[in-house]
Amino acid sequence: MLRTFWHYLGETQPRLLRVVHILIAALVIGQIINSNATQVEAITDISAGVLVFLCTWLHIIAGSVLVILGFALLFYVLVLRGFRYYFAWLMGDFSAIFADLRTLARFRLPEASAGGIAATVQGLGVGALLLVALSGAIGVALYLMGYAVGFNVIHWHKFLTGLIEVYIFAHSAMGLLHFALRQFLPVKRE
Ligand code: HEM
Ligand code: HEM
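Numbering-wise (full-length UniProt numbering), the sequence shown opens with residue 1 and increments by one.
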């Protein structure tokens with residue numbers, strides 16, 4: 001099944017994009033789970049417990065890898081498909097979104113297309129990933145430099161993770177639904 005999903009992704013994504021994409025997905029899920037055992041003070045103080053200290057630093061290191069991978073994904077997809085594919089709405093072009101809505105109204109599932117709903121959500125998802133990862137990294141850097149404002153930025157970081165949580169649920173649900181329909185149901189798609 002995993003192999004079939006890998007090949008399914010390969011219909012639209014080159015191998016390197018699939019590798020970066022899966023790494024990001026796994027690391028983000030890991031960050032959300034691991035964040036239950038993190039604490040700001042544990043960055044510099046081990047007295048909260050070794051486990052909390054280790055989880056906090058694991059969160060910071062994996063998060064820093066995500067900053068790099070997030071930018072890599074952004075530049076990769078922009079070079080691959082262009083700005084307009086993901087951000088047509090920013091140029092006032094909503095035509096592909098309306099076309100997808102019309103397809104949905106006919107109870108058909110629209111495929112990802114330039115400027116369409118899927119591409120728009122994916123563009124916003126990469127933005128959310130960068131916002132979350134950068135806010136974490138900047139907050140920790142400020143905290144380590146002794147600026148109290150670091151606490152505020154980390155507070156915003158926690159708030160912003162809501163965006164990526166919503167995105168990962170919605171985006172993976174739609175991705176897996178497309179895959180499942182293709183595999184198990186002879187549904188006519190557009
Ligand atoms: C996409 C990447 C990331 C995700 C999904 C994520 C997720 C989270 C979540 C859900 C929390 C809240 C934990 C709580 O409520 O106690 C949190 C806290 C935190 N994150 Fe991240 N994070 C990411 C990247 C980063 C990065 C890059 C850094 C720093 C380099 C970082 C540093 C922190 C710190 C210091 C806290 C506060 C710890 C606490 O009070 O529990 N995070 N993160
Ligand atoms: C924060 C984590 C994630 C980010 C930032 C992300 C981002 C993206 C982006 C930018 C694309 C479009 C690539 C392209 O144009 O070819 C994409 C496509 C896709 N993603 Fe994710 N993704 C994440 C997590 C996941 C997860 C967890 C799953 C499923 C379990 C998933 C399933 C898919 C599928 C099936 C596609 C192909 C859809 C299409 O044909 O456009 N993604 N993702």
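Heads up, the beta-carbon is just placed ideally off N, CA and C, and yes, glycines get one too.
In the structure shown, what three-state DSSP assignment does V100 receive? It is worth fixing the name first, because residue 100 is Asp in this sequence and not Val. DSSP places D100 in helix when its eight states are reduced to three.
In three-state DSSP terms, what is S35? helix
Under 8 Å Cβ to Cβ from V28, same chain only, skipping five residues before and after it: list those, please. For V28, same chain residues with a beta-carbon under 8 Å away, outside a window of 5 residues either side, are L66, L129, I164, I168 in chain order.
T12 and T38 - do their beta-carbons sit closer together than 7 Å? For T38 and T12, no; Cβs fall outside 7 Å.
Distance, W6 Cα to L104 Cα: 26 Å
Euclidean distance between Cα positions of Y76 and S47: 42 Å
How many angstroms separate the CA atom of H178 from the CA atom of L109? Taking the straight line joining both Cα atoms gives about 8 Å.
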